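Chemist: Be aware that the sequence shown starts at 0, since it is given in numbering that gives the first Met the number 0, and climbs by one per residue.
Here you go, one structure.
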Amino acid sequence: MNRKHLNSIHVNHNKNTEKCSTEIMPVPDKVYISMSQHIGAPCKPLVAKGDEVKVGQVIGDSDAFVSAPIHSSVSGKVVGIEEARSAAGGVDQLVVIETDKKQEVAETVKPPVVSGKEDFIKAVRDSGLVGLGGASFPTHVKYNPKNLDEVDTLIVNAAECEPFITSDHRLMLEDTRNIIDGILTVMKYLDLKKAYIGVESNKPDAIEKLKEEITKSGHPEIEVITLRSRYPQGAERVMIYEITGKHMDAGVLPAQLGIILSNVTSIAFIGEYFKTGMPLIAKRITVDGDAVNSPKNIIVPIGTKIYDIINFCGGYKSEPKKIIMGGPMMGRAIFSDNLPLVKNNNAILAFTKDKADIQMETQCINCGRCHHACPFKLMPTALSNAMEQRDADRLKKLKVMSCMECGSCAYVCPAKRPLGFNNKLGKAILKEAESK
Ligand code: SF4
Ligand code: SF4
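What follows is the structure, given as structure tokens:
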């Protein structure tokens, strides 16, 4: 591929846990399973206080089109339905289950019987799968675009460009066969002709393992593409351009370019789900940061509280000043470790004051670095100014909706201006103005 690359930045990889084989975390005493784990309508609890539940049992669902069911990650007894503040600042309903540690599996957990596209889409919905690369968009909706007959390519996003996170890297080494099986399953039922797996060059062992498994499978229509280790290589629009050369404007869906894009974790889950029927009840995550005693990659039951996860990793070494759900670039700094793990979490990072990188904002010096860092050549300074003036027309002209909030501009800014976050506010201002 000799095409010109999009603007990108170098960030220190800090992949400290890349050699840490995944451990399985024991089931905690209680789990707190959120009914809001995807973009779209939240689920309503289908269980009540006092009910006994088993692993894989549906405990929440919604009639809305954009939604996915939620399953119990444990066996035990429902001890409450609570409302609690979410990581995003809203209020979520949580089904609280006291675990019996027996991990009895629900009778409904069986490999799905699938004979065509409709059954496949239904099975994907039943599995509870949502985008596991961060967006948490229900996968059955993504896999069923109106123009599916024009879609011929699957792109598997295995870039993992966020610093510190290595859970996808470990998945590629430890669960390679399920990735290939997941790709073949999606290609078969959506009638796709070609699949690419995009992996950054800083994971040579994973690239080799994937290539070996593809050769063993006898499916040369699956191809591994080695991408530069640059941020934000894993952003949907960046990955599509770097692999196919197709530009995807804001508001355009990959399907309109003939592409279905899925995160590698979602694809491996499909590979396993079609063999076992076990829905999405656990997540492989990276726990790291200088405030954590024993950083690890672990598989954790969904609904486990972050403090339980940290305790499994040896507890805090010293008081954390910043805890992040996800990576340091696009993750969410959270106000407390008293929050439960949800489906799309891929990391918990805890940093002390020394590493938390909390810096004072100073005045813009018009250096232009933010503009040169932006993959879409947006003008972050001008966008920030328009946001501060609540100037919706200017925000629109400057294409605020094209910003994917990757944070590259803020990362390179010597004045430490929160440029990506300002664009989030700018989008809200524009949306509000356009709704009037
Ligand atoms: S946060 Fe937005 S403006 Fe800043 S670099 Fe990323 S896409 Fe460009
Ligand atoms: S990088 Fe920061 S200081 Fe430089 S032009 Fe952009 S906002 Fe101003």
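Idealized CB from N, CA, C, for every residue including glycine.
Since the model is a prediction, treat every value here as computed from it, not as a measurement.
Determine the contact status of glycine 302 and isoleucine 32, defining contact as a CB-CB distance below 8 Å.
Modeler: Going by C-beta atoms, glycine 302 is nearer than 8 Å to isoleucine 32.
Chemist: Decide yes or no for the touch test of the region 115-126 against the region 246-259: beta carbon pairs closer than 8 Å, at least 3 of them.
Modeler: Verdict: no, contact absent.
Chemist: Touch check for the region 269-277 and the region 24-39: three-plus C-beta pairs under 8 Å?
Modeler: The region 269-277 is not in contact with the region 24-39.
Chemist: Does ligand 2 have even one heavy atom less than 7 Å from the beta-carbon of alanine 385?
Modeler: Answer for alanine 385: no, Cβ out of range of ligand 2.
Chemist: By how many angstroms is the C-alpha of glycine 288 removed from the C-alpha of asparagine 15?
Modeler: Taking the straight line joining both Cα atoms gives about 9 Å.
Chemist: Please state the DSSP three-state secondary structure of leucine 260.
Modeler: Three-state DSSP puts leucine 260 in a strand.
Chemist: According to the Cβ coordinates, are cysteine 412 and cysteine 369 closer than 8 Å?
Modeler: The answer is yes: Cβ separation under 8 Å.
Chemist: Is any non-hydrogen atom of ligand 1 found closer than 7 Å to the C-beta of glutamate 241, if you look at the structure I gave you?
Modeler: Result no, Cβ not under 7 Å from ligand 1.
Chemist: To the nearest angstrom, how far is the alpha carbon of serine 20 from that of isoleucine 206?
Modeler: Their Cα atoms are separated by approximately 17 Å.
Chemist: Kindly provide the ranges of any alpha helix (DSSP H) runs that are 4 or more residues long and lie completely inside the region 115-164, ordered along the chain.
Modeler: The region 115-164 contains these whole alpha helix (DSSP H) runs: 116-125, 138-141.
Chemist: Just to confirm, are isoleucine 58 and serine 66 a CB contact at a threshold of 8 Å?
Modeler: The answer is no: Cβ separation not under 8 Å.
Chemist: Where do the N-terminal and C-terminal ends of the alpha helix (DSSP H) with asparagine 422 fall, by residue?
Modeler: Its alpha helix (DSSP H) spans residues 418-434.
Chemist: At what residues does the alpha helix (DSSP H) containing serine 383 begin and finish?
Modeler: Segment 379-387, the alpha helix (DSSP H) holding serine 383.
Chemist: Comparing C-alpha positions only, which one of Pro203, Val185, Asp28 sits nearest to valine 123?
Modeler: Of Pro203, Val185, Asp28, the residue nearest in Cα terms is Val185.
Chemist: Is the distance from the Cβ of valine 286 to the Cβ of isoleucine 308 below 8 Å?
Modeler: Yes. Within cutoff.
Chemist: Given a cut-off of 8 Å, decide if lysine 415 and threonine 361 are closer than it, judged by their beta-carbon atoms.
Modeler: Their beta carbons are under 8 Å apart, which means threonine 361 touches lysine 415 by this criterion.
Chemist: Count the other CB atoms, across all protein chains shown, that sit within 10 Å of the CB of glutamate 25; report buried if there are 16 or more and exposed otherwise.
Modeler: Note on residue identity: the sequence assigns proline, not glutamate, to residue 25. Under this definition proline 25 is an exposed residue.
Chemist: Consider the Cβ of methionine 386: report whether some Cβ of chain D lies at a distance smaller than 8 Å.
Modeler: Chain labels in this structure do not include chain D; a single protein chain is all it has.
Chemist: So who's on the other strand from arginine 393, going by DSSP bridges?
Modeler: Beta-bridge pairing links arginine 393 to no other residue.
Chemist: Run through the DSSP bridge pairs and tell me what arginine 169 is partnered with.
Modeler: Paired residues: none, contrary to the question.
Chemist: With DSSP collapsed to three states, give me the class of lysine 18.
Modeler: Lysine 18 falls in the coil class under three-state DSSP.
Chemist: Should threonine 214 be labelled buried (16 or more other beta-carbon atoms within 10 Å of its own) or exposed?
Modeler: Exposed, since its Cβ has fewer than 16 Cβ neighbours within 10 Å.
Chemist: Suppose the cutoff is 7 Å on Cβ atoms and the five residues either side in sequence are ignored; what does the same chain contact list for aspartate 204 look like?
Modeler: Around aspartate 204: Leu172.
Chemist: Using only CA atoms, which one of Ile80, Ser35, Val30 lies nearest to alanine 47?
Modeler: Of Ile80, Ser35, Val30, the residue nearest in Cα terms is Ile80.
Chemist: Are leucine 153 and alanine 194 touching if we call contact CB-CB under 8 Å?
Modeler: Closer than 8 Å, so yes.
Chemist: Quick one: give me the first and last residue of the beta strand (DSSP E) that lysine 282 is part of.
Modeler: Element bounds for lysine 282: 281-287.
Chemist: Figure out for me which residue from Ser434, Gly326, Asp91 has the closest Cα to the Cα of cysteine 483.
Modeler: No information on residue 483 is available, as it lies outside the stretch 0 to 435 that the chain covers here.
Chemist: Cutting at 6 Å between CB atoms, please list the residues of its own chain near glycine 130, excluding the five before and the five after it.
Modeler: So the list reads Phe136, once near-sequence residues are dropped.
Chemist: Can you have a look at asparagine 344 and say buried or exposed, based on whether 16 or more other CB atoms are within 10 angstroms of its CB?
Modeler: Classification for asparagine 344: buried.
Chemist: Roughly how many angstroms separate the alpha carbons of leucine 397 and alanine 391, rounded to a whole number?
Modeler: Each residue's alpha carbon lies about 10 Å from the other.
Chemist: Between the Cα of lysine 141 and those of Leu424, Leu382, Leu252, Met277, spot the shortest distance and give me the residue it belongs to.
Modeler: Selected option, being the one with the closest Cα: Leu252.
Chemist: Can glycine 406 be considered in contact with ligand 1, in the sense that its beta carbon sits closer than 7 Å to one or more heavy atoms?
Modeler: Yes; taking the cut-off as 7 Å, the Cβ of glycine 406 has a heavy atom of ligand 1 nearer than that.
Chemist: I need the DSSP call for alanine 205, collapsed to helix, strand or coil.
Modeler: Helix at alanine 205.
Chemist: What do you reckon, are the CB atoms on methionine 34 and valine 94 nearer than 8 Å?
Modeler: Yes. Within cutoff.
Chemist: Hey, which unbroken runs of the beta strand (DSSP E) at 3 residues or more fall wholly within the region 183-233?
Modeler: As far as the region 183-233 is concerned, its whole beta strand (DSSP E) runs of at least 3 residues are 193-199, 221-226.
Chemist: Just to confirm, is the Cβ distance from glycine 425 to leucine 394 under 8 Å?
Modeler: Taking 8 Å as the Cβ cut-off, glycine 425 and leucine 394 qualify as a contacting pair.
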